[in-house]
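So the protein lines, in turn, are chains A and B. Each residue of the first sequence is one higher than the last, beginning at 117 in the numbering used here. Each residue of the second sequence is one higher than the last, beginning at 117 in the numbering used here. Where a beta carbon is used, it is the ideal one built from N, C-alpha and C, also for glycine.
Protein chains: 2
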Amino acid sequence: MSTAQNIYRADLREIFFCLFEQFRLGDQLGRAPWQDWGEDEVRMTITECYKFVCEVLGPLNSVGDAEGCTIVDGQVKTPTGFKEAWKKTYEMGWKSLSIDPEHGGQGAPYAVQVITEELFCGANAAFSMYPGLTLGASELVEVFGTPAQKKKYLEPMLVGQFAGTMCLTEPQAGSDVGAARSRAVPRGDGTYSITGTKIFISCGDHDLTENVIHLVLARVDGAAPGTKGLSLFIVPKVRVGDDGKLGERNDVAVGSIEHKMGINGSSTCVLNFGESNACIGELVGTVPHQGMAQMFRMMNGARLAVGLQGLGVASSAYLNALSYARDRLQGATIDRWKDPTAPRVSILQHADVRRMLIDMKSRVEGIRCLALKLAVHADRGKLGGPDAGYHLGQVELLTPLVKAYGSDQAFRVCETAIQTLGGAGYIKDYGIEQYCRDSKIFSIYEGTNHIQAMDLVGRKLAQAGGGNLMAFLADIARFAAQHAGHPTLAESVKVLARARDALQSTAMLMMGWASGGKLSLVPLAANRFLEMMSETVLTWLLLDGAVVAEEKARALPEGHPDAAFYAGKRATAIYYARNVAPGVMAKAEVLAAEEDSSLTIPDAGFATI
Amino acid sequence: MSTAQNIYRADLREIFFCLFEQFRLGDQLGRAPWQDWGEDEVRMTITECYKFVCEVLGPLNSVGDAEGCTIVDGQVKTPTGFKEAWKKTYEMGWKSLSIDPEHGGQGAPYAVQVITEELFCGANAAFSMYPGLTLGASELVEVFGTPAQKKKYLEPMLVGQFAGTMCLTEPQAGSDVGAARSRAVPRGDGTYSITGTKIFISCGDHDLTENVIHLVLARVDGAAPGTKGLSLFIVPKVRVGDDGKLGERNDVAVGSIEHKMGINGSSTCVLNFGESNACIGELVGTVPHQGMAQMFRMMNGARLAVGLQGLGVASSAYLNALSYARDRLQGATIDRWKDPTAPRVSILQHADVRRMLIDMKSRVEGIRCLALKLAVHADRGKLGGPDAGYHLGQVELLTPLVKAYGSDQAFRVCETAIQTLGGAGYIKDYGIEQYCRDSKIFSIYEGTNHIQAMDLVGRKLAQAGGGNLMAFLADIARFAAQHAGHPTLAESVKVLARARDALQSTAMLMMGWASGGKLSLVPLAANRFLEMMSETVLTWLLLDGAVVAEEKARALPEGHPDAAFYAGKRATAIYYARNVAPGVMAKAEVLAAEEDSSLTIPDAGFATI
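Given below as structure tokens:
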């Protein structure tokens with residue numbers, strides 16, 4: 117198999133089901149601020165985007181993996197074809213879909229951007245980081261930058277003339293961002309002299325654009341320790357004059373690039389700022405010590421984006437495994453397995469292969485629902501009105517779930533996809549092992565999944581006086597009550613109701629720990645709580661989709677091809693509710709026991725070496 | 117960091133605890149057939165082996181990964197240093213430890229070989245496959261070969277002059293071995309002309325030895341279809357004269373080698389036999405159509421070996437993660453986490469890191485116990501006597517668990533180790549990501565883990581009229597009754613008793629399916645049943661170790677350094693019993709619901725593409 121073949125697959129029927137049948141995006145289209153977007157426009161955009169990523173990005177996925185990035189003359193060289201793909205991405209306007217028309221964007225609903233992002237990441241996760249991080253950086257300048265900064269930096273980033281990065285991590289400051297030592301010293305002209313070393317900077321340098329705009333967290337001399345004293349600076353790779361013309365190189369050097377398990381097409385850099393004391397940066401906006409607040413404002417989007425990386429890769433891993441299972445003949449059916457003369461069947465006929473497939477399908481479709489639910493809440497929150505607080509509260513609450521559960525399960529789905537292919541899954545020819553390697557980083561960067569879990573239990577549960585969580589639990593309770601007597605889904609709805617109750621009890625229990633002198637049990641339980649909550653919400657959303665599918669199926673004429681599709685939605689929801697959701701109750705029971713051997717084991721008891 | 121550094125780590129204190137304190141290997145030493153082996157000899161051998169693998173094999177692990185294998189002039193070239201390592205391995209006699217002294221071996225207990233195998237695989241899984249497969253092939257010739265074959269092929273394999281392979285898989289015959297199409301036609305002189313293509317042949321060719329002895333499954337013309345008609349042939353790469361001298365090249369060609377996710381130092385070959393109709397093979401022994409029976413005889417050893425690959429890699433991944441956690445400073449303690457002036461602590465002080473570490477520790481130590489239990493049963497079975505049937509029955513029963521649970525959990529442990537290191541875990545410098553990539557194949561080769569699960573539920577549970585399972589369950593019940601009132605472990609022992617009961621009920625339920633017209637539920641449940649049984653046996657063995665550790669700890673003088681070690685054993689057992697074992701009951705409940713959406717979902721319902 118050639119290395120430049122596209123293996124990316126998406127099932128647009130499933131995606132449109134989520135958008136229009138389950139989440140009824142149509143209800144919000146055609147009205148301000150989406151007056152230019154109707155259902156047809158959304159379908160056409162997504163269909164075109166799928167075509168684009170299959171033609172342009174997919175074939176470069178294994179190329180980027182095999183070639184990786186290199187340093188040539190102090191600058192990162194990206195793999196063959198990335199430059200051309202970058203150019204086409206911006207020519208086609210894919211990165212300005214949900215940008216405000218005021219800035220030249222197309223003002224699409226966030227839900228549409230979520231899907232195009234899924235398609236981009238699924239086709240080529242490594243490549244998509246370059247425009248993805250540029251979008252994140254541009255949003256930050258848009259919200260917090262001065263008019264002059266928008267002119268100089270935002271506009272070129274929006275059209276792909278410049279790229280952007282986020283520079284937080286330092287050797288001694290990973291999850292502990294506040295330990296950053298990078299310094300900023302006023303130069304007297306309003307600019308700052310920046311010094312320091314940043315590591316693990318994704319897309320920290322490359323040859324896709326004539327300039328790279330680094331957003332760098334640093335501490336102005338004399339500022340407070342910890343996160344409160346951090347400010348955010350615009351540090352261009354090449355200085356930009358007030359007329360927008362490129363000037364001299366700034367004092368930003370690529371120290372090295374990392375050799376990684378995956379996402380090899382994406383450069384991961386050590387960046388040295390001010391090695392020659394000539395690194396000039398501008399404060400983002402005009403007020404110092406706002407760095408963390410500014411970063412936080414962008415964090416929801418960045419974390420959702422990581423969840424979407426997971427979704428895109430996992431979805432294609434699943435669909436590739438399915439395609440392999442349909443084609444691969446091996447063994448006979450179970451009732452004739454001892455008969456060597458029985459006809460060989462496709463492995464799709466084997467129970468364990470079906471179990472692996474439906475397991476992958478349920479996780480992929482559940483995470484897509486979760487991401488879209490978040491996007492729809494964000495869209496509705498943007499509309500203002502009395503419900504805006506509710507909607508924006510749900511965005512806050514669900515963000516760590518999309519990031520952490522989406523990334524953890526992406527790796528799990530890729531593992532299962534490899535197993536479905538057997539030996540073929542382990543060799544490079546089929547591309548599934550690359551998905552697995554690529555996806556492992558998603559649980560680590562943009563805040564490790566434990567950081568997400570602590571964000572959930574330490575901040576989000578208590579937000580709005582616990583109101584966001586209560587509204588979330590009430591929504592599920594309402595659904596469960598409404599469908600308790602559903603003709604085909606009642607058993608599954610019962611499991612959902614139990615999971616919801618277990619989740620609520622565990623949340624209460626954890627709050628008791630925090631106030632009752634058992635604070636250290638909270639981080640110990642945090643990841644499992646996040647998983648419980650994610651499994652509960654996935655059960656709910658899959659069942660919600662199944663309810664819709666059942667209604668639609670009843671209205672179909674005999675023999676309609678959609679019948680199998682809807683039956684698949686129902687089976688998938690039932691599978692998840694009856695096989696995965698019981699884990700919520702099991703985890704609740706484990707956590708309720710307050711078992712703390714992890715904490716009490718002596719440090720020297722982990723090993724004698 | 118240089119690529120030629122050893123990162124392999126083992127905790128010999130823990131290993132010796134298992135051997136001598138928990139499994140009391142000392143009781144069987146010093147008496148026939150182990151009259152030459154005392155506790156001192158075992159300790160010295162293992163200590164020397166650890167030194168050897170750290171010095172010779174460990175530094176080549178990342179070298180083999182980076183260089184991989186190549187084909188030069190139609191022959192596989194192994195990575196730098198492998199040839200020298202092979203030579204030293206055989207010079208030191210590491211591969212003849214448990215070989216019968218009659219064949220020049222050292223006749224060590226199997227339990228000792230299990231540990232040296234763990235050390236070999238942990239230090240360099242890819243390299244260790246070459247001598248590992250050679251050992252497997254030599255055992256087969258030893259048991260089934262004619263005296264002439266032993267002279268010609270066995271003796272050179274035992275001393276590392278020849279290597280060996282197992283050639284089963286064909287393009288259309290993976291898990292379905294019986295679909296093999298390779299042909300054997302009598303040449304009239306007692307030998308056979310072999311034709312066919314074998315794929316995924318591990319160590320199928322290389323430059324470590326002057327000859328490679330392929331054991332090839334093929335069908336003599338006219339033999340029955342399926343596995344019953346298969347015979348096993350000795351097919352040397354270079355023909356061997358009756359005087360042992362090497363003759364002409366046999367007609368065996370390397371078609372290609374695979375590019376894989378991991379174990380790059382191990383060649384994975386497509387082998388073409390008889391392309392020029394000049395491939396000569398000898399039947400193993402004298403009776404045709406015994407190929408599968410002969411392979412099966414060796415399968416327990418080969419499957420245990422894969423479990424040990426998992427154990428070796430996972431154990432070192434855990435110990436590396438622990439070492440990183442001890443050294444890496446990040447953040448403050450939970451009670452001062454908001455205070456930027458609080459001292460930074462090692463991440464070992466963070467609850468979630470401790471949870472990850474104890475989780476890895478429990479799986480690694482539990483799997484080591486499981487493998488050693490199997491080895492001790494094998495050793496005792498070998499002694500004969502009235503208990504031999506019981507012991508050999510337990511070997512049969514536990515083998516699929518060691519292979520499948522050992523390999524699945526190895527990947528899980530490596531994943532957790534990566535997460536413990538964060539970004540450092542994802543880059544190549546620390547070697548953990550290689551462990552993760554290497555370990556993914558373990559769940560696939562030597563019979564996929566579903567094949568193991570079907571071997572367990574379809575063959576092993578019913579073996580000896582269900583007697584092996586009953587004896588196993590009775591052993592656990594006895595332990596649980598004996599320690600129900602244990603001062604520190606009683607709660608955990610209670611969970612074990614519940615897990616044992618759940619396991620028994622599920623086994624009964626599954627037997628009912630097989631006989632009650634619900635046969636297809638059996639393969640659907642098989643993997644989960646294997647996991648339940650593995651988790652039950654690990655809970656038992658970890659608690660058994662904890663009981664011993666508690667006794668030993670009570671006898672220690674104040675301030676003895678072993679106190680922390682024993683406390684670690686107790687905490688680990690409790691962690692597993694209280695956090696992992698409840699999953700046994702949860703799975704039992706799920707399976708009892710007989711939920712079959714995986715089977716009923718229409719084929720077209722998996723996706724519309």
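Can you tell me the Cβ-Cβ gap for B/I329 and B/M273, rounded? I've got them flagged as a contact below 8 Å. The residue you call residue 329 of chain B lines up with position 213 of the second sequence. The residue you call residue 273 of chain B lines up with position 157 of the second sequence. Indeed, because the Cβ distance is near 6 Å, the residues count as touching under 8 Å.
Helix, strand or coil for A/S118, going by three-state DSSP, please let me know. Indexing the first sequence from 1 puts residue 118 of chain A at position 2. Because A/S118 sits at a pLDDT of 44, beneath the cut-off of 50, its placement in the model cannot be relied upon, and the point is left open.
Using 8 Å as the limit for Cβ to Cβ distance, is A/M723 near chain B? As a position in the first sequence, residue 723 of chain A is number 607, starting the count at 1. Looking at the sequence itself, residue 723 of chain A is Ala, so the reference to Met does not match. Answer yes: the Cβ-Cβ gap between A/A723 and chain B drops below 8 Å somewhere.
Between A/Y561 and chain B, is any beta-carbon pair separated by less than 8 Å? Numbered from 1 along the first sequence, position 445 holds the residue referred to as residue 561 of chain A. Yes, A/Y561 counts as interfacial toward chain B.
Does the stretch 702-711 of chain B come close enough to the stretch 614-625 of chain B to have 3 or more Cβ pairs within less than 8 Å? yes
Do B/I317 and B/T384 have their C-beta atoms closer together than 8 Å? One-based indexing of the second sequence puts residue 317 of chain B at position 201. One-based indexing of the second sequence puts residue 384 of chain B at position 268. The answer is yes: Cβ separation under 8 Å.
Hey, would you say A/L348 sits closer than 8 Å to A/L362, going by beta carbons? Counting from one through the first sequence, the residue named residue 348 of chain A turns up at place 232. Counting from one through the first sequence, the residue named residue 362 of chain A turns up at place 246. Not a contact, by the Cβ cut-off of 8 Å.
Please name the residues in the stretch 687-720 of chain B whose beta-carbon is closer than 8 Å to at least one beta-carbon of chain A, in chain order. Under the 8 Å Cβ criterion, the stretch 687-720 of chain B contributes A687, T688, I690, Y691, R694, N695, P698, G699, M701, A702, E705, V706, A709, E711, S713, S714, L715, T716, I717, P718, D719 and A720.
Length at least 4, wholly inside the stretch 448-529 of chain B: the alpha helix (DSSP H) runs in chain order: 467-498
Any contact between the stretch 687-702 of chain A and the stretch 474-494 of chain A? By contact I mean 3 or more CB pairs, one from each, below 8 Å. When C-beta atoms of the stretch 687-702 of chain A are compared with those of the stretch 474-494 of chain A, three or more pairs fall below 8 Å, so the two segments count as touching.
Is A/A418 near A/V230, with beta carbons less than 8 Å apart? Working through the first sequence from its first residue, we reach residue 418 of chain A at position 302. Working through the first sequence from its first residue, we reach residue 230 of chain A at position 114. It is not a contact, given that the beta carbons lie outside the stated cut-off.
The beta strand (DSSP E) enclosing B/I162, as first and last residue numbers: Start at 1 with the first residue of the second sequence, and residue 162 of chain B comes out as number 46. Per DSSP, B/I162 belongs to no beta strand (DSSP E); it is in the alpha helix (DSSP H), E155 to F168.
Would you verify that the beta carbon of A/S118 is, or is not, closer than 8 Å to some beta carbon of chain B? Walking along the first sequence from the start, residue 118 of chain A turns up at place 2. Per-residue confidence for A/S118 stands at a pLDDT of 44, beneath the threshold of 50, marking its modelled position as unreliable; the derived number appears in the next sentence. Output row for A/S118: interface = no.
Through-space distance from B/R471 to A/N565, alpha-carbon basis: One-based indexing of the first sequence puts residue 565 of chain A at position 449. One-based indexing of the second sequence puts residue 471 of chain B at position 355. For A/N565 and B/R471, the distance between alpha carbons rounds to 14 Å.
Just to check, is the beta-carbon of B/L589 closer than 7 Å to a non-hydrogen atom of the ligand GDP? Of ligands this structure carries none, so the ligand GDP is not represented either.
Look at the alpha carbon of A/Y682 and the alpha carbon of B/L141, and state the distance between them as a whole number of angstroms. Along the first sequence, read from residue 1 onward, the residue named residue 682 of chain A stands at position 566. Along the second sequence, read from residue 1 onward, the residue named residue 141 of chain B stands at position 25. Distance between the alpha carbons of A/Y682 and B/L141: 60 Å.
Sequence-distant residues of its chain with Cβ nearer than 8 Å to B/A580 (five each side left out): The sequence position of residue 580 of chain B within the second sequence is 464, counting from 1. Excluding positions up to five away in sequence, the list reads G505 and G509.
Taking 8 Å as the CB-CB cut-off, is B/M377 touching chain A? Position 261 of the second sequence, counting from 1, holds the residue named residue 377 of chain B. At least one chain A Cβ lies under 8 Å of B/M377.
Measure from the alpha carbon of A/C485 to the alpha carbon of each residue in A/D455, A/A467, A/G497 and A/L517, then state which is nearest. Reading the first sequence from its first residue, position 369 is the one you call residue 485 of chain A. When each option's Cα is compared against that of A/C485, the closest is A/L517.
Can you tell me which residues form a DSSP beta bridge with B/E398? The count along the second sequence starts at 1 and reaches residue 398 of chain B at position 282. In DSSP, B/E398 forms a bridge with B/I350.
Identify the contact partners of A/Q446 in chain B, using a Cβ-Cβ distance below 7 Å as the criterion. Taking the first sequence and counting its residues from 1, one reaches residue 446 of chain A at position 330. Chain B residues near A/Q446: G290, S291 and D292.
Any idea if B/P603 is buried or exposed, counting beta-carbon neighbours within 10 angstroms, 16 or more meaning buried? On the second sequence, position 487 is the one that residue 603 of chain B refers to. Burial state of B/P603 is exposed, judged by a 10 Å Cβ sphere holding fewer than 16 other Cβ atoms.
Is any beta-carbon of chain B found at less than 8 Å from that of A/A487? For the purposes of this step, residue 487 of chain A is taken as the residue at position 371 of the first sequence. Answer no: the Cβ-Cβ gap between A/A487 and chain B never drops below 8 Å.
Reference B/N393, options B/A494, B/R303, B/K204 and B/T652, closest by Cα: The sequence position of residue 393 of chain B within the second sequence is 277, counting from 1. For B/N393, the nearest C-alpha among the options comes from B/R303.
For A/A606, would you say it is in contact with chain B, using Cβ-to-Cβ distances shorter than 8 Å as the test? Locating residue 606 of chain A in the first sequence gives position 490, counting from the first residue. Contact of A/A606 with chain B is not assigned, every C-beta pair being separated by 8 Å or more.
Can you tell which of B/K344, B/L514 and B/S212 has the C-alpha that lies nearest to the C-alpha of A/K454? As a position in the first sequence, residue 454 of chain A is number 338, starting the count at 1. Nearest of B/K344, B/L514 and B/S212 to A/K454, Cα basis: B/K344.
Rounded Cβ spacing between A/I534 and A/E549 (contact assumed at less than 8 Å): Looking up residue 534 of chain A in the first sequence gives position 418. Looking up residue 549 of chain A in the first sequence gives position 433. Yes, A/I534 and A/E549 are in contact; Cβ-Cβ is about 6 Å, under 8 Å.
Hey, out of A/D468, A/I396 and A/K376, whose CA is closest to A/E364's CA? Taking the first residue of the first sequence as 1, we reach residue 364 of chain A at position 248. Among A/D468, A/I396 and A/K376, the Cα nearest to that of A/E364 belongs to A/I396.
Spell out whether any CB of chain B is found under 8 Å from the CB atom of A/N380. Locating residue 380 of chain A in the first sequence gives position 264, where the first residue counts as 1. So no, A/N380 is outside the interface.
I want to verify the contact list: residues of chain A whose CB lies under 9 Å from the CB of B/R460, in sequence order. Here residue 460 of chain B corresponds to residue number 344 of the second sequence, with the count starting at 1. Within chain A, the C-beta atoms nearer than 9 Å to that of B/R460 come from Q288, D292 and A295, in chain order.
Within 10 angstroms of the Cβ of A/C237, are there 16 or more other Cβ atoms? Answer buried if so, exposed if not. Taking the first sequence and counting its residues from 1, the one referred to as residue 237 of chain A is at position 121. Result: buried.
Quick check on this structure: which residue in A/A296, A/L438, A/A430 and A/V469 has the alpha carbon closest to the alpha carbon of A/G407? As a working note, residue 407 of chain A is residue 291 in the first sequence. Checked all of A/A296, A/L438, A/A430 and A/V469; the closest Cα to A/G407 is A/A296.
On the CB-based measure, 16 or more other CB atoms within 10 Å of its CB, does A/S372 come out buried or exposed? Counting from 1 along the first sequence, the entry for residue 372 of chain A is found at position 256. Here A/S372 is exposed. Its C-beta has fewer than 16 other C-beta atoms within 10 Å.
Rounded to whole angstroms, what's the CA-CA distance from A/G320 to B/K193? Just pull it up for me. On the first sequence, residue 320 of chain A is found 204 positions in, with the first residue counted as 1. On the second sequence, residue 193 of chain B is found 77 positions in, with the first residue counted as 1. Taking the straight line joining both Cα atoms gives about 38 Å.
Kindly list, in the order they appear in chain B, the residues whose Cβ is closer than 8 Å to that of A/K556. Reading the first sequence from its first residue, position 440 is the one you call residue 556 of chain A. Those within 8 Å of A/K556 in chain B are E531, I534, Y542, E549 and C552.
Indicate whether A/D443 and A/S462 have their beta-carbon atoms separated by less than 8 Å. As a first step, residue 443 of chain A must be located in the first sequence, where it is residue number 327. As a first step, residue 462 of chain A must be located in the first sequence, where it is residue number 346. With contacts defined by Cβ atoms closer than 8 Å, A/D443 and A/S462 form a contacting pair.
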